[in-house]
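Undergrad: Following this message is one structure expressed as structure tokens.
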Amino acid sequence: MNNPYQLFLHRVKKEWNYHYSVWKTAIDWIVWLYVLLPILAVFCHQYYFIWSGQAQWLHSFPTEFSWFIFFFLSTKGTVRLFLQEADLLFLRQNKHWLETVMRFGITYSLFLNALQILILSAVFFPVWYIYEGATFSKIITFISFVYFFRLSLQFTKQMLTVTFQNWKLLLINITLILISFFIFITYLLVSLPIQLIINVLFIIAVLILYKVRLNMKWCFNEDCLRETQERLKLTSLFIAASGYKVEKGKQKRKKPLILFSNSAYLFSNRTNSNLITETYIKFVLRNKATMILLFQITMISLIAIVLVPFSVKWLLVFICSFSVNHLIKSSWKEVKGHSFFKLLPHDDHDMVIIAVKKAIFLLASPSIFLFGFYTGWSVFSPFIGLLVGILIVILNYIQTKRTIWLD
């Protein structure tokens, strides 16, 4: 390559060709013909009815919740730098080339963020403009806010990832999400002039974070690792969806962040059933990805329960409870395939089912109690919410015992 611009274009082209080959392998003409095309046809048909104001079914849903979808979009993604491990031999020694490739990578991220937000905004624009009655200036201001808000989160999360580790990083990320959500809600509630001021502040924040990120060349190895993970993210998604589990080599056991760091017993009565229940609970609680996803589902569900009309709240509680149970149950295949689980006595199939159901119920109860508590509180009072939370947990126990089955 004669210049860093050609090097950057080569890497972008190579990555998109790779993604195209993955899509082409995973989605053949049968999937297009019988799955994607019908979905696209239904979407276009309903989208036309939404634009024409004839989508009566839309009145049954809380359209104001559509604004919050952009918050969860903002928490996803990262800023790309397009660095590779081999750059240690040349790019790391040539500061001009290294900085130029990083600049092009960030510019690429700016364009990709804008494209994603504009596409999603085009989908929801008729909902806001026709059904919500939002003005055109409010929508444009909101879209610009989401753009710079998302970039700020992406820069901040990336810098935090290379600065902190383990439980410190986990607590800081949770704090960042809570603060970001508070800012997002505040933005939706304030007047248009204040929204414009907030937009200006985020533009300034993005410029500052951009300059700071370019100067962070000491985290080159972490940047290369993250770039590799981003390139393989689509492949990993399809592999996980297919149910194939990549066998890992023997690794040193990581010490848990907070819970059960000393492998303390949960049940004093050391029966076979309790051992399996305890193993399942510890496995889920020590799985960072599962716990983060559980936290996200719980937060989204609570927001939805508070916002939806009275008649929809009770149905939503059971839908959200089912989602939490299903998420925790999805860890069963991984647990039963683990080498440690195979050491436990599990010849009695009925005993294993009872033990796993008990673990699923215990793990899901905190989230499900919150669903019932906030439902009763938002409709009646905190005391009624407490009673509703206990009732929902009891109903979930009955549902878990009777309906949940294991492969």
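Each residue of the sequence shown is one higher than the last, beginning at 34 in my numbering.
All C-beta atoms, glycine included, are put in the ideal place defined by N, C-alpha and C.
Model, not experiment: these values are computed from the prediction.
(1) How many angstroms separate the CA atom of glutamine 117 from the CA atom of threonine 261?
(2) Classify glycine 282: buried if its beta carbon has 16 or more other beta carbons within 10 angstroms, exposed otherwise.
(3) Straight-line CA distance for lysine 285 to asparagine 199?
(4) Between which two residues does the alpha helix (DSSP H) holding threonine 331 run?
(5) What residue does the alpha helix (DSSP H) around glutamate 118 start on, and which one ends it?
(6) Suppose you measure from the CA of phenylalanine 413 to the CA of serine 213; what does that come to, to the nearest Å?
(7) Measuring CB atoms only, is the region 103–122 touching the region 204–220, in the sense that at least three cross pairs come out at less than 8 Å?
(8) Count Cβ pairs between the region 190–207 and the region 80–91 that sit closer than 8 Å; are there 3 or more?
(9) Serine 269 by DSSP, collapsed to three states: which one?
(10) Out of Gln187, Thr196 and Ile333, which one is the CA nearest neighbour of leucine 242?
(11) Residues in the same chain with beta-carbon distance under 8 Å from isoleucine 150, minus the five sequence neighbours each way, listed in chain order, please.
(12) According to the neighbour-count rule (16 or more other Cβ atoms, all chains shown, within 10 Å of its Cβ), is lysine 57 buried or exposed?
(13) Between Ile227, Gln228 and Ser185, which has its C-alpha nearest alanine 238's C-alpha?
(14) Where do the ends of the alpha helix (DSSP H) carrying phenylalanine 215 lie?
(15) Less than 9 Å between the C-beta atoms of serine 364 and valine 317, yes or no?
(16) Looking at C-beta atoms only, is the number of pairs between the region 124–135 and the region 154–170 that lie closer than 8 Å three or more?
(17) Buried or exposed: where does phenylalanine 328 fall if 16 or more other Cβ atoms within 10 Å of its Cβ makes it buried?
(18) What is the rounded straight-line gap between the Cα of phenylalanine 235 and the Cα of serine 224?
(19) Where does proline 159 sit, in a helix, a strand or coil, going by DSSP?
(20) Taking the alpha-carbon positions, what's the lysine 114 to phenylalanine 253 distance?
(21) Just to confirm my understanding: we take leucine 229, look at its own chain, exclude 5 residues before and 5 after, and list those with CB closer than 7 Å. What are they?
(22) Measure the beta-carbon distance from leucine 335 to leucine 424 and round it to whole angstroms, keeping in mind my assumption that it falls under 8 Å.
(23) Should tyrosine 313 be labelled buried (16 or more other beta-carbon atoms within 10 Å of its own) or exposed?
(24) Of all the options Phe94, Tyr141 and Ile63, which has the alpha carbon lying nearest to the alpha carbon of leucine 348?
(25) Expressed to the nearest angstrom, what Euclidean distance is found between the alpha-carbon atoms of tryptophan 90 and isoleucine 139?
(26) Would threonine 433 pass as a contact of lysine 390 if the rule is Cβ separation under 9 Å?
(27) Sorted by chain position, which residues of the same chain lie with C-beta nearer than 8 Å to asparagine 146's C-beta, five sequence neighbours on each side aside?
(28) May I have the straight-line CA-CA distance separating arginine 125 from alanine 119, to the nearest angstrom?
(29) Please report the Cβ distance between glutamine 52 and leucine 267, rounded to the nearest whole angstrom; I am assuming they are in contact, meaning their Cβ atoms lie under 8 Å.
(30) Tell me whether valine 75 is buried or exposed, calling it buried when 16 or more other Cβ atoms sit within 10 Å of its Cβ.
(31) By the 10 Å Cβ neighbour count, where 16 or more other Cβ atoms means buried, how is proline 37 classified, buried or exposed?
(32) Can you give me the Cβ contacts of threonine 96 inside the same chain, cut-off strictly under 7 Å, excluding the 5 residues immediately before and after it?
(33) The alpha helix (DSSP H) that contains proline 95, what's its start and end?
(34) Against chain D, does alanine 119 count as a neighbour if the rule is that its beta carbon must be under 9 Å from one of theirs?
(35) Going along the chain, which residues of its own chain have a beta-carbon closer than 6 Å to the beta-carbon of asparagine 35, five neighbours each way excluded?
TA: Concretely, from the data shown:
(1) 8 Å
(2) Confidence at glycine 282 is low in this model, with a pLDDT of 44, below 50, so the placement of that residue should be treated as unreliable; the coordinate-derived value is given next. So glycine 282 ends up on the exposed side.
(3) Only weak support is given to the placement of lysine 285: the predicted model assigns it a pLDDT of 48, under 50, and the value that follows is read from those uncertain coordinates. Using only the alpha carbons, I get a separation of about 16 Å.
(4) 321–340
(5) Neither: glutamate 118 is in no alpha helix (DSSP H) and is coded neither H nor E.
(6) Those two C-alpha atoms are separated by around 29 Å.
(7) yes
(8) no
(9) helix
(10) Gln187
(11) Phe103, Leu106, Ile176, Val179, Tyr180 and Arg183
(12) exposed
(13) Considering only Ile227, Gln228 and Ser185, the residue with the shortest C-alpha distance to alanine 238 is Ser185.
(14) 199–222
(15) yes
(16) Output reads no: the region 154–170 does not touch the region 124–135.
(17) exposed
(18) Computed Cα separation, rounded: 17 Å.
(19) Of the three classes helix, strand and coil, the one that applies to proline 159 here is helix, per DSSP.
(20) Note that residue 114 is leucine in the sequence shown here, rather than lysine. Cα to Cα, leucine 114 sits roughly 10 Å from phenylalanine 253.
(21) Cβ-Cβ distances below 7 Å link leucine 229 to Thr174 in the same chain, with the five nearest sequence neighbours on each side left out; the list follows chain order.
(22) The Cβ separation is near 17 Å, so there is no contact.
(23) buried
(24) Phe94
(25) 41 Å
(26) The answer is yes: Cβ separation under 9 Å.
(27) Gly110, Tyr180, Arg183, Leu184 and Gln187
(28) 9 Å
(29) Looking at the sequence shown, residue 52 is not glutamine but histidine. Confirmed, about 6 Å.
(30) Sixteen is the threshold: since fewer than 16 other Cβ atoms of the shown chains lie within 10 Å of the Cβ of valine 75, the residue is exposed.
(31) buried
(32) Val160, Tyr164 and Glu165
(33) Segment: none, proline 95 is in no alpha helix (DSSP H) and carries neither H nor E.
(34) Absence of chain D from the displayed structure is noted, only one protein chain being present.
(35) none
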